[in-house]
Every structure is written in C-alpha cells, then in structure tokens.
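This report refers to the structure that appears directly beneath it.
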Amino acid sequence: MQPEPKQAAAHAASEEITICPNCHVPMPSMLRFCRSCGYRLGEGVAEYAETVRLPNQQRAATPSATTASAAANATSPQSGAGNWSPLMASAQGAGRPVAHAPAYFGECQKKSGRRRAPWIVWLVLGVTIASVTGGSMLSPFGLRNRGRSAASRSAARSYVGPNKFETTTGGVTFDSVMPPGSPMDKAGLVGGDIITAFDGQMVTSADQLMKLLVATPVGKTVEVIYTRDGETKRTQLTTISKDESGRLEEQFGSRIEGKGYLGIDDWERVPIPGTNLYGVRIDDVVKNDPAYMAGMRDGDIIIEFDGTPIRASRELIARIKRALPNSVVKVIVMRGTERLEFLIKIGVDD
Numbered sequence: 147m148q149p150e151p152k153q154a155a156a157h158a159a160s161e162e163i164t165i166c167p168n169c170h171v172p173m174p175s176m177l178r179f180c181r182s183c184g185y186r187l188g189e190g191v192a193e194y195a196e197t198v199r200l201p202n203q204q205r206a207a208t209p210s211a212t213t214a215s216a217a218a219n220a221t222s223p224q225s226g227a228g229n230w231s232p233l234m235a236s237a238q239g240a241g242r243p244v245a246h247a248p249a250y251f252g253e254c255q256k257k258s259g260r261r262r263a264p265w266i267v268w269l270v271l272g273v274t275i276a277s278v279t280g281g282s283m284l285s286p287f288g289l290r291n292r293g294r295s296a297a298s299r300s301a302a303r304s305y306v307g308p309n310k311f312e313t314t315t316g317g318v319t320f321d322s323v324m325p326p327g328s329p330m331d332k333a334g335l336v337g338g339d340i341i342t343a344f345d346g347q348m349v350t351s352a353d354q355l356m357k358l359l360v361a362t363p364v365g366k367t368v369e370v371i372y373t374r375d376g377e378t379k380r381t382q383l384t385t386i387s388k389d390e391s392g393r394l395e396e397q398f399g400s401r402i403e404g405k406g407y408l409g410i411d412d413w414e415r416v417p418i419p420g421t422n423l424y425g426v427r428i429d430d431v432v433k434n435d436p437a438y439m440a441g442m443r444d445g446d447i448i449i450e451f452d453g454t455p456i457r458a459s460r461e462l463i464a465r466i467k468r469a470l471p472n473s474v475v476k477v478i479v480m481r482g483t484e485r486l487e488f489l490i491k492i493g494v495d496d
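Converting from the sequence shown to our numbering requires adding 146 to each position, the first position being numbered 1.
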C-alpha cells in the first residue's frame, strides 16, 4: 500500500526528506539517486556526506510498492523516466526480484567510495615503528636478528687476550697468550693453564666463559682462579675492549725490531715422566741456527723460555716471536732425566 501524497508531503517537510517520484518511498534530501529503486532524483551533495538511515518501519511500509514499481520500470527502456537498465531486465527475465538490483548498485557505490591509504604510507609507518621499537616488533617473524651482523652482536664483549678457548677436564684452557700486553699476559697466565673460575663464577665450558666475557663491562678488574702443573693459583686481570686488543696486535705486528727466531721445527706437547709438568719436545733442531749453536738437540723438551713456563706448543712459538732479536734468553730443557740450561742469542725471523 502506497502512502498518500498529502501524508508523504507532510512527512517530507517535517523530516527534511524527499519522495521518489518513481516508487514513492521517502528518501533523505539532496540524494542523487533513490536508495530503493535507483531512480535519478537530481544533483545533490548528500551522496558525499554521511548516510542517514531511515527507521525500519518507514522502509518496511512500502515493500510491495517498491517491488511492483521496479518490475514495471524494468519492462521497457522508456518507462521509469530513464532508470531502466539491461541488468534489471535480465534479472526480471531470470525470475529474480529486480528491486534488489538497484540496492546492489548502492552497495557497490558505498564500497567503491572507501579510500585506501597508498602503499607508501604503510611502508613509512612500518619503518617508523621498527626504528622506535628497535626492531622488537619484527622478532616474531625472524627478521630482527637476520638484519644484524655478527660483529654488531659481539662488539660489546670484553677481551682478555686469547682468541680461542677450549673445554677441558676441570675447566677451560687455551694454547697461548697473545698479543703481548694483553690482560692475561699481564696477569701472568700462559698457554696450557686451566681456568676454573672467572669473576666469582665457576667455569666448566668454553661457551660459559665467553658468556661471562659478554656480561663483563670493559675495564673491569676480575679475579681469575686457574691451575698449572696441578697447583691452584689466583690472579687479577683488567678486561679491555676489542679496539684496544686490535691496537696491541697491530703494535706487535709492526714492531721495528722484528720478531725473534730460534731455529726449531716439528714440536709436540708432551708430559714430563714422573712429574705433573708438561713441556714441548723439539724433534728438529736446525743446524747452525741459534738453538743448535747453543747446544740444543733433537728430542730436547723445553719447559721454560726466558723465565716463562712452557706448557703448550703455541705458547712456545709465541714467546720466541716476541723475544727481541739479538737479545740473549735462558732456555731450560729436559733431556731424558737431566735438566739443562742454555743461553741462546735470538735471531731475526725473516
């Protein structure tokens, strides 16, 4: 049942609405098209403003009139004052309610009217969030650590000298103390010592010691407990930065005096029978070189070099290289059960 024209006009004046000339359904003023049948109402600005929905009872009052009018308009291109469309005609021929076609177009208009932010806006937003949070929001996707280099993850740890530690029975050992002047060198540690505690923490593996170095501030003085020749010893060392360690290595590598030379080859770390000591056995003493000229022979086991205990092969090589050329050093060796001392003039390593 269609609303009477007089009642519709009164309602339109009170509520600021307009009546569709085609289906006679009340619509908000200034609409360009009828929301019910799609009839063109005129040029208005309300289509670009917030949609005002009518109460349900007003829309439910004229369902039959809307359907009947839409079906009549879909019959011919000349009927309905220009609101007929091929889609409405095909819907009628298929037996579907043609009144739904204009509503479908209305939904499409509403969806197409939504503006989406350009992709560059989302990109800038993501970069901003990552910079503010330090990349923490990227960690669930496995992106945080992937973008960081290994150098940046380890740059803050303290350095004490050796570049490599090894897990051994009772603690952690190392094969040499380099470079000269490093914290462990100043603390009196030598290759072959076994570290059992670091800064009050018991040490049982190389990984654990590395974690302790990461947690130790650069420049902190710590206590180190270690064993040598079965005896427990204590010492103090002050950690340094990676840059300082690199400076010491560069300083030693470019030393004007050059590196020392002894004239030995083919060495091996071996235990000294009947003692808790280890030494380095030399199986090839080069003839007419400093060690041979001083009296050393193949099979001699070096246990001390220039006052430093020798308990690892790389420690012996490091001590020979840091000895100043043309200086005279004392070398103590075991030859069988005999303990021998030699004064050797250090050569220059070419």
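Glycine residues also receive a C-beta, built at the ideal position from the N, C-alpha and C atoms.
If you count every other CB in all the chains shown that lies within 10 Å of the CB of residue i, and 16 or more means buried, which is it?
| i | result |
| --- | --- |
| residue 492 | buried |
| residue 402 | exposed |
| residue 434 | exposed |
| residue 483 | exposed |
| residue 487 | exposed |
| residue 446 | buried |
| residue 187 | buried |
| residue 391 | buried |
| residue 495 | exposed |
Within a Cβ cutoff of 6 Å, which residues of the same chain sit near residue i, ignoring the five residues on either side of it in sequence?
| i | result |
| --- | --- |
| residue 469 | 406, 475 and 492 |
| residue 324 | 464 |
| residue 413 | 426, 428 and 459 |
So what's residue i in DSSP terms, helix, strand or just coil?
| i | result |
| --- | --- |
| residue 428 | strand |
| residue 349 | coil |
| residue 343 | strand |
| residue 173 | strand |
| residue 303 | coil |
| residue 323 | coil |
| residue 494 | strand |
| residue 438 | helix |
| residue 380 | strand |
| residue 335 | coil |
| residue 414 | strand |
| residue 448 | strand |
| residue 311 | coil |
| residue 229 | Only weak support exists for where residue 229 lies, its pLDDT of 46 falling under 50; the value from the coordinates is given anyway. DSSP places residue 229 in coil when its eight states are reduced to three. |
| residue 484 | strand |
| residue 371 | strand |
| residue 406 | strand |
| residue 329 | helix |
| residue 456 | coil |
| residue 184 | coil |
| residue 476 | strand |
| residue 318 | strand |
| residue 394 | helix |
| residue 489 | strand |
| residue 421 | coil |
| residue 164 | strand |
Quick one: measure Cβ to Cβ for residue i and residue j, integer angstroms, because I've assumed they're closer than 8 Å.
| i | j | result |
| --- | --- | --- |
| residue 364 | residue 381 | About 19 Å separates the two Cβ atoms, so there is no contact after all. |
| residue 368 | residue 345 | 4 Å |
| residue 340 | residue 362 | No, residue 340 and residue 362 are not in contact; Cβ-Cβ is about 20 Å, not under 8 Å. |
| residue 306 | residue 352 | Not confirmed; about 13 Å, so no contact. |
| residue 163 | residue 175 | 6 Å |
| residue 372 | residue 342 | 6 Å |
Using the Cα positions of residue i and residue j, report the straight-line distance between them to the nearest angstrom.
| i | j | result |
| --- | --- | --- |
| residue 436 | residue 411 | 13 Å |
| residue 259 | residue 276 | Unreliable placement is indicated for residue 259, whose pLDDT of 49 sits below 50; the coordinate value is still reported in the next sentence. Each residue's alpha carbon lies about 32 Å from the other. |
| residue 404 | residue 472 | 11 Å |
| residue 265 | residue 274 | 14 Å |
| residue 333 | residue 439 | 34 Å |
| residue 303 | residue 443 | 44 Å |
| residue 431 | residue 416 | 17 Å |
| residue 427 | residue 409 | 14 Å |
| residue 480 | residue 462 | 15 Å |
| residue 348 | residue 356 | 13 Å |
| residue 396 | residue 269 | 45 Å |
| residue 490 | residue 451 | 10 Å |
| residue 370 | residue 312 | 16 Å |
| residue 399 | residue 322 | 16 Å |
Excluding the 5 residues flanking residue i on each side, which residues of the same chain have their C-beta closer than 8 Å to its C-beta?
| i | result |
| --- | --- |
| residue 376 | 422 |
Can you give me the Cβ contacts of residue i inside the same chain, cut-off strictly under 7 Å, excluding the 5 residues immediately before and after it?
| i | result |
| --- | --- |
| residue 454 | 336 and 465 |
Closer than 7 Å: is that where the CB of residue i sits relative to any heavy atom of the ligand HEM?
| i | result |
| --- | --- |
| residue 456 | The ligand HEM is absent from the structure shown, which contains no ligand whatsoever. |
Comparing the C-beta of residue i with each C-beta of chain B, is any distance below 8 Å?
| i | result |
| --- | --- |
| residue 460 | Protein chains in the displayed structure number just one, and chain B is not present. |
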